[in-house]
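Enquirer: Have a look at the structure that comes next, please.
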Amino acid sequence: MKEIKGGVTAAKGFFAAGAEAGIKYKNRKDMAMIYSEKPCQVAGTFTSNVVKAACVLWDKQIVEQSPFAQAVVVNAGIANACTGSQGFSYCKETAQAAAGCLSIPEDAVLVASTGVIGMQLPIDKITAGVKKLQPLLGSDEAAGTQAAEAIMTTDNRSKQVAVTFTVDRKEVTLGGMCKGSGMIHPNMCTMLGFLTTDVSIEKSLLQEALREDVKDTFNMVSVDGDTSSNDTLLLLANGMAGNATITEKNEDYKVFCEALHFVNVALSKMMAGDGEGATALIEAKVIHAASKEDAKTLAKSVICSSLTKAAIYGHDANWGRILCALGYAGVEFDPENMELFFEGKEGRIQIFKDGVATDYSEEEASKILAEPEVRILVDMKMGQGEALAWGCDLTYDYVKINADYRS
């Protein structure tokens, strides 16, 4: 497997574009389109929030019932959530507009929205944006970047990654982009994420691979503990790599899953590190837990702790907050028989062992916590369970951004 430049246009046959439609923002791109020249198998995972956006309901219908998908239309600024039957009808109108421009069936068009909840989409601007996007479609890296930039809301930077690997002696590519900065606490989903691949694979296996991998990637991310109404992760596979179709869980399936995991981890870390107001990416790694599920619960508890997040923002080695986050996670363990470390490019120091603090240097610990990427390593000394979770520090700017988000 080799990481390459690019995102959703890296795989064969995929095109993308971004454009300014004037939906909510001024003087910036706010609509994107992804298109495959060949029909695609499609898989998706969606928010578990009972309050689901109209676009989530539309996409679930396409993923579960349509024979194939071929395009995605995304808008930023307005979420099309809590908009009733009118909001759902606007999904249909958006799909109809794209179908007409691209000469594909209406039920081959997926839609996604992100932004303020409760506002109706300005459908005239949306359909005009679709028509504007179609002639801009390109298959190069720049076109993918335009699309990745167009789906941002409070994000500071676009997020994209791509890899090549070999299946059935054919070079295969998998790329993706995502957005997400606030209201990030996915559950069987991500914020908005779009993955494209030219592998040929059976739909049921594509869905299973995606569903299983989000459990260890996007579902292990938290910025602020809030699960969105719009969380959507879509994976399109057009088969243009020319490999023999993957129809069983063989070595080719394993290789594909490894590539999918690499891409999803990369995007998850980008999203966590770009949390609203964040200055640091936090990675919590729990090892030697009694089970993998225990390790996941413990790691997620650490990166969700507001007090831990605030301490890291202040570069304060207040390890008691981490111990407390582990202790209320709901997992039984012996605090007298575990170890805690801080790791960064500046090195690694042990903070806690056998029930008490070690004789560590506060100055050295503060230097590690001041780095842009900080790892909290917890050794439970109980078994073979292991997990990673990603979050970010909690800053004054998070409150400022969300205090006037609708303004």
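Residues 3 to 409 (my numbering) are what the sequence shown spells out, left to right.
Cβ coordinates follow ideal geometry from the N, Cα and C atoms, glycine included.
Since we're looking at a predicted model, the values are computed, not measured.
Start and end of the alpha helix (DSSP H) containing residue 38?
Expert: Note, residue 38: premise wrong, no alpha helix (DSSP H); beta strand (DSSP E) at 33-48.
Enquirer: Given residue 58, which residues of its chain have a CB within under 7 Å of its CB, disregarding the five upstream and five downstream residues?
Expert: Correct list, in chain order: 48, 49, 232 and 234.
Enquirer: Determine whether the beta carbon atoms of residue 33 and residue 21 lie at a separation below 8 Å.
Expert: Contact: yes.
Enquirer: Would you report the Cα separation of residue 88 and residue 128, rounded to the nearest angstrom?
Expert: Roughly 14 Å between the two C-alpha positions.
Enquirer: Who are the Cβ neighbours of residue 280 in its own chain at under 7 Å, not counting the five residues just before and after it?
Expert: Only 394, 395 and 397 meet the Cβ criterion.
Enquirer: Measure the CB-CB distance between residue 222 and residue 270 and report whether it falls below 8 Å.
Expert: Cβ distance < 8 Å, so residue 222 and residue 270 count as in contact.
Enquirer: Please report the Cβ distance between residue 60 and residue 132, rounded to the nearest whole angstrom; I am assuming they are in contact, meaning their Cβ atoms lie under 8 Å.
Expert: Actually they do not touch by this definition, with Cβ atoms about 15 Å apart.
Enquirer: Rounded to whole angstroms, what's the CA-CA distance from residue 2 to residue 245? Just pull it up for me.
Expert: Nothing can be reported for residue 2: it is not among the residues displayed for the chain, which extend from 3 to 409.
Enquirer: According to the neighbour-count rule (16 or more other Cβ atoms, all chains shown, within 10 Å of its Cβ), is residue 350 buried or exposed?
Expert: Exposed, because fewer than 16 other Cβ atoms sit within 10 Å of the Cβ of residue 350.
Enquirer: If I measure Cβ to Cβ from residue 93 and keep anything under 6 Å in the same chain, skipping five residues before and after, which residues do I get?
Expert: Result list for residue 93: 56, 57, 60 and 113, in chain order.
Enquirer: Per DSSP, which one or two residues make a beta bridge with residue 166?
Expert: DSSP lists 4 and 175 as partners of residue 166.
Enquirer: Could you tell me how far apart the beta carbons of residue 201 and residue 169 are, in whole angstroms, since I believe they sit closer than 8 Å?
Expert: About 6 Å; that satisfies the 8 Å criterion.
Enquirer: My assumption, with CB atoms under 8 Å, is that residue 167 sits in contact with residue 203. Please give the rounded CB distance.
Expert: In fact, because the Cβ distance is near 13 Å, the residues do not count as touching under 8 Å.
Enquirer: Less than 8 Å between the beta carbons of residue 141 and residue 16, yes or no?
Expert: Contact flag set, yes.
Enquirer: Within 10 angstroms of its Cβ, does residue 137 collect 16 or more other Cβ (buried), or is it exposed?
Expert: Residue 137 comes out exposed.
Enquirer: Starting from residue 296, trace the alpha helix (DSSP H) both ways and give me its first and last residue.
Expert: Where residue 296 is concerned, the enclosing alpha helix (DSSP H) stretches over 294-306.
Enquirer: Could you check whether residue 379 and residue 294 sit closer than 8 Å to each other, using their CB atoms as the reference points?
Expert: Result no, Cβ atoms of residue 294 and residue 379 do not sit closer than 8 Å.
Enquirer: Hey, quick one: how far does the beta strand (DSSP E) through residue 77 stretch, first residue to last?
Expert: Per DSSP, residue 77 belongs to the beta strand (DSSP E) from 71-80.
Enquirer: Have a look at residue 105 and residue 82 and give me their C-alpha separation to the nearest angstrom.
Expert: Those two C-alpha atoms are separated by around 25 Å.
Enquirer: Count Cβ pairs between the segment 331-349 and the segment 365-375 that sit closer than 8 Å; are there 3 or more?
Expert: Because the criterion of three Cβ pairs below 8 Å is met, the segment 331-349 and the segment 365-375 touch.
Enquirer: Which two residues bound the contiguous beta strand (DSSP E) that contains residue 123?
Expert: First-last for residue 123: undefined, no H or E at that position.
Enquirer: Taking one C-beta from the segment 323-336 and one from the segment 294-307 each time, how about it: are there three or more such pairs within less than 8 Å?
Expert: As far as the Cβ criterion goes, the segment 323-336 touches the segment 294-307, which means the pair count is three or higher.
Enquirer: Spatial neighbours of residue 384 within its chain, please: C-beta separation below 7 Å, excluding the five flanking residues on both sides.
Expert: Here the set comprises 290, 291, 292 and 335.
Enquirer: Just confirm the distance between the C-beta atoms of residue 37 and residue 139, as a whole number of angstroms; I'd bet it's less than 8 Å.
Expert: Contact flag correct, Cβ pair sits at about 6 Å.
Enquirer: From what residue to what residue does the alpha helix (DSSP H) around residue 254 run?
Expert: 253-275 is the span of the alpha helix (DSSP H), which, as asked, contains residue 254.
Enquirer: Quick check on the DSSP output: what are the complete alpha helix (DSSP H) runs of length 4 or more inside the segment 97-154, in order along the chain?
Expert: As far as the segment 97-154 is concerned, its whole alpha helix (DSSP H) runs of at least 4 residues are 125-135 and 143-152.
Enquirer: Residue 64 and residue 410 - do their beta-carbons sit closer together than 8 Å?
Expert: Since the first residue of the chain shown is 3 and the last is 409, residue 410 is not available in this structure.
Enquirer: Would you call residue 224 buried or exposed, if buried means 16 or more other Cβ atoms sit within 10 Å of its Cβ?
Expert: Classification of residue 224: buried, given that the 10 Å Cβ count is 16 or more.
Enquirer: In or out: residue 209 buried (at least 16 other Cβ within 10 Å) or exposed?
Expert: The residue in question, residue 209, is buried, as its Cβ has 16 or more Cβ neighbours within 10 Å.
Enquirer: Is residue 204 helix, strand or coil when you go by DSSP?
Expert: In this structure, residue 204 counts as coil in the three-state DSSP scheme.
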